[in-house]
Amino acid sequence: MEVEIVASLAGLAGLAIGLTTGLAVRVSERAHRTAAPATPVGTLPPGVASVLSVLRSSAVVVDGEDRVLRASSAARAFGLVSGDRLVVDEVLAMTRLVRRDGEIRESEIQVGPTRVRSRADGRWFAVRVAPLGSHGLVLVLAEDLTDMHRTEAIRRDFVANVSHELKTPVGALSLLAETVEGAADDPEAVRRFAGRMQYESVRLTNLVQDLMTLSRVQGDEPLPALEPVVLDEVMAEALERCRTRASAKEIELASGGEEGLRVRADHELLVTALRNLVDNAVAYSPENTRVVVSTRRCDDRHAEINVSDQGIGIPESEIGRIFERFYRVDPARSRQTGGTGLGLAIVKHVTGKHGGDVTVWSKEGHGSTFTIRLPLLDGPSRPAAGTAGKDPENTAREASP
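So this is what it looks like as structure tokens:
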């Protein structure tokens with residue numbers, strides 16, 4: 005009897021122990037789940053924020069209700085995100101499609117105030133949209149392609165402009181050759197057409213030469229064999245090359261300023277840049293006016309070359325574009341003067357290659373002043389002979405019109 009009682013008690017004890025153990029296991033599992041919950045809806049998975057912070061592309065994370073959980077400063081600056089919403093319809097549509105089927109999508113979009121007026125409007129982006137974990141999160145990456153698009157547009161425009169500029173003199177030479185052939189028995193007509201052919205050939209030669217010069221100075225390669233150059237010599241040579249054209253319009257070419265200023269430069273390129281400025285001044289000035297070229301030391305480290313005219317001036321709205329290749333404020337007048345449309349672009353790139361810059365002041369009806377600023381080769385020095393006792397600025401001012 006006692007054995008049966010002991011056995012029954014032992015069985016009850018084992019059952020109690022088993023129930024207690026099972027209950028403890030369940031409590032432990034529940035506690036474990038409470039200590040390590042799943043990522044709640046509406047928050048980023050662990051580590052994602054750190055990864056997004058080092059991405060070069062603009063990054064946006066959108067939740068299942070199209071709310072922006074995280075957006076880089078670039079994404080907001082470029083107008084992809086406002087507040088907690090994506091504001092670009094194309095990108096928002098892509099995120100919804102990706103959330104629905106889980107497929108990665110890519111597209112190229114334009115973001116800006118207008119979409120059809122011009123290629124230059126707004127900014128271009130390569131957009132890649134992909135699912136991010138669970139709970140409907142979607143990652144949007146946008147890479148800015150604006151500079152690439154602008155470069156491509158400039159390249160296309162450049163090729164088109166070169167083709168057009170070459171077509172004009174080449175076509176004229178062809179027609180003039182046919183005309184000369186047909187007027188072989190008229191010496192006067194032959195002389196007249198031959199003179200016109202010579203003019204067109206010079207125009208074609210100038211265009212080819214300007215293209216060669218521009219290709220040389222617009223790249224990233226440094227200029228070879230720079231040497232000390234005296235600005236007085238550059239100024240004298242540039243004026244001499246423009247004197248015939250100025251004389252034809254009875255325009256006086258004058259020079260002045262501080263003597264003996266030296267820079268480290270490519271002599272021929274600097275002369276070409278200054279000649280282009282003087283040529284422009286002559287071309288856009290009326291007869292019986294004056295063009296003045298002057299030099300001055302603007303501080304201990306820089307010198308300036310100023311080219312001033314009494315011409316028609318430049319509209320304020322156009323000043324920001326005049327250094328673009330082939331850009332003309334007045335295309336009809338420019339073609340009459342025989343310019344290539346590359347002169348000011350060459351000036352800009354030549355001065356940049358020499359560590360300087362070019363600026364312009366102009367007012368319609370009151371002329372223009374172009375200023376080339378270059379680093380000086382020498383430090384502070386005594387005034388050169390002939391300028392002792394004179395202030396450099398006063399010397400330049402005395403020479404100006």
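So in the working numbering the end of the sequence shown lands on 405, straight run, no missing numbers.
Backbone N, C-alpha and C fix where the C-beta goes; we use that ideal spot for every residue, glycine too.
Given the structure is predicted, the values throughout are model-derived calculations rather than measurements.
Integer-rounded CB distance, given that residue j should sit under 8 Å from residue i
i            : j              : result
arginine 268 : leucine 230    : 5 Å
glycine 260  : serine 298     : 5 Å
glycine 371  : glycine 317    : 6 Å
leucine 227  : methionine 201 : The Cβ separation is near 36 Å, so there is no contact.
Own chain partners of residue i with C-beta closer than 6 Å, once the 5 adjacent residues on each side are dropped
i                 : result
alanine 285       : Val295, Val311 and Asp313
leucine 208       : Pro173
valine 184        : Val194 and Phe197
histidine 271     : Val233
arginine 249      : Val286
leucine 273       : Val354
phenylalanine 374 : Leu281, Val311 and Val364
methionine 98     : Arg109 and Val133
glutamate 94      : Ile113
histidine 358     : Ala269 and Leu378
glycine 140       : Gly68 and Arg103
glutamate 147     : Ser61 and Ala130
threonine 293     : Ile255 and Gln314
lysine 253        : Glu291
serine 111        : Val131
glutamate 192     : none
glutamate 237     : none
serine 32         : For serine 32, the predicted model reports a pLDDT of 49, less than 50, meaning its position is unreliable; a value from the coordinates is still stated below. Correct list: empty, nothing qualifies.
Counterpart residues of residue i in DSSP-defined beta bridges
i             : result
serine 62     : Ala146
valine 133    : Arg109 and Val144
threonine 375 : Asn310 and Thr363
alanine 287   : According to DSSP, alanine 287 bridges with nothing at all.
alanine 269   : Glu231
serine 298    : Gly260 and Asn310
arginine 127  : Val115
Beta carbon of residue i nearer than 8 Å to that of residue j
i              : j                 : result
proline 379    : glycine 360       : yes
leucine 84     : serine 61         : no
valine 282     : leucine 243       : yes
glycine 116    : glycine 126       : yes
isoleucine 113 : valine 91         : no
asparagine 210 : phenylalanine 330 : no
arginine 301   : glutamate 262     : yes
leucine 278    : methionine 216    : no
alanine 75     : valine 64         : yes
aspartate 382  : arginine 245      : no
aspartate 88   : arginine 100      : no
isoleucine 376 : glutamate 291     : no
leucine 73     : aspartate 214     : no
alanine 187    : glutamate 204     : no
valine 221     : valine 144        : no
Reduced DSSP category for residue i - H, G, I as helix; E, B as strand; rest coil
i              : result
isoleucine 323 : helix
threonine 99   : helix
glycine 186    : helix
serine 86      : strand
aspartate 303  : coil
valine 354     : helix
arginine 196   : helix
glycine 317    : coil
glutamine 114  : strand
threonine 293  : coil
glycine 261    : strand
proline 191    : helix
arginine 279   : helix
valine 221     : helix
alanine 72     : It should be noted that the sequence gives valine, not alanine, for residue 72. Strand at valine 72.
arginine 329   : coil
glutamate 256  : strand
valine 163     : helix
leucine 380    : coil
histidine 153  : helix
alanine 17     : Low confidence applies here, because alanine 17 scores a pLDDT of 49, under 50, leaving its location unreliable; read the following figure in that light. Residue state, collapsed to three classes: helix.
Contact set for residue i: own chain, Cβ-Cβ below 8 Å, skip 5 residues either direction
i                 : result
valine 102        : Ile108, Arg109, Val133, Ala134, Pro135 and Val142
phenylalanine 327 : Leu348, Ala349, Val351, Lys352 and Val362
methionine 152    : Trp128
Distance cut-off 7 Å: residue i Cβ against heavy atoms of the ligand ADP
i             : result
aspartate 224 : The ligand ADP is absent from the structure shown, which contains no ligand whatsoever.
7 Å CB neighbourhood of residue i in its chain, flanking five on each side removed
i             : result
glutamate 241 : Val275
alanine 79    : Ser62, Ala63, Val64, Val85 and Ala146
glutamate 225 : none
serine 366    : Gly317, Ile318, Ile323 and Ser372
leucine 96    : Asp70 and Leu90
serine 167    : none
serine 289    : Ile255, Val295, Asp313, Gln314 and Gly315
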